[in-house]
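S.K.: In this note's numbering, the protein residues as written are 245 to 439.
Even for Gly, the Cβ is constructed at its ideal location relative to N, Cα and C.
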């Protein structure tokens, strides 16, 4: 065999092995009991089920519109990562649906959600519902939340899990997105798993 061809072939086999390894890599949340069927109300007041997102990868983030600091930062990061992907690979970005589910359905009406989600990304869907509906969806997603009332005041905050989950086109859990590490890290993780 030609001495110049051998290094080329070895490099080619290494590249093929690396690519096939990544394609066959099991998602970190594969088999986890997260997610599931739900029906909530979107920011336009329409009833929406999980089936409306079939065929799309889903970024699911729970929070509330009155959140003073954490939720807006996290949603801004998710929105930035989506815009980055749209510039790099519009087709890939088009296969992803970002979803924000409130943990404060009493204040987060569809009208409030509509104004709020529009600030972060034009395709971000905001979902709300009755307290029981929201509690059920949060439980299925492994998300904790609890109203934290301030003594002597009618004002309250909502303590909640700070997590962004990536689900596949059939609603299967794939990964936790590193939104705390910035938009670049989220975009890299999306490129890793979205096919």
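For the beta strand (DSSP E) holding residue 400, just list the boundary residues, first then last.
M.R.: Note, residue 400: beta strand (DSSP E), 400-404.
S.K.: Rounded to a whole number of angstroms, what is the C-alpha to C-alpha distance between residue 412 and residue 388?
M.R.: Approximately 22 Å between the Cα atoms of the pair.
S.K.: May I have a chain-ordered list of the beta strand (DSSP E) segments no shorter than 3 residues that lie completely inside the segment 353-431?
M.R.: Whole beta strand (DSSP E) segments, 3+ residues: 369-372, 389-393, 400-404, 408-411 and 417-420.
S.K.: What do you get for residue 398, buried or exposed, if any count of 16 or more other CB atoms within 10 angstroms of its CB means buried?
M.R.: It is exposed - the Cβ of residue 398 has fewer than 16 other Cβ atoms within 10 Å.
S.K.: Can you find at least 3 beta carbon pairs, one from the segment 307-314 and one from the segment 416-427, that sit closer than 8 Å?
M.R.: No: the two stretches stay apart, fewer than three of their Cβ pairs being nearer than 8 Å.
S.K.: Taking the alpha-carbon of residue 291 as reference, which of 345, 333, 356 and 373 has the nearest alpha-carbon?
M.R.: Per the Cα distances, 373.
S.K.: To the nearest angstrom, how far is it from the Cα of residue 315 to the Cα of residue 395?
M.R.: For residue 315 and residue 395, the distance between alpha carbons rounds to 23 Å.
S.K.: Please determine if the segment 345-355 and the segment 316-332 are in contact, where contact requires at least 3 C-beta pairs separated by less than 8 Å.
M.R.: Touching, no.
S.K.: What separation, rounded to the nearest whole angstrom, lies between the Cα atoms of residue 371 and residue 299?
M.R.: Going from the Cα of residue 371 to the Cα of residue 299 covers about 19 Å.
S.K.: For the candidate residues 276, 367 and 275, whose alpha-carbon lies nearest to that of residue 344?
M.R.: Cα-wise, what sits closest to residue 344 is 367.
S.K.: Once DSSP output is grouped into helix, strand and coil, what is the label at residue 307?
M.R.: If DSSP states are grouped into helix, strand and coil, residue 307 belongs with the strands.
S.K.: Around the Cβ of residue 326, are there at least 16 other Cβ atoms within 10 angstroms (buried) or fewer (exposed)?
M.R.: Buried: at least 16 other Cβ atoms inside 10 Å.
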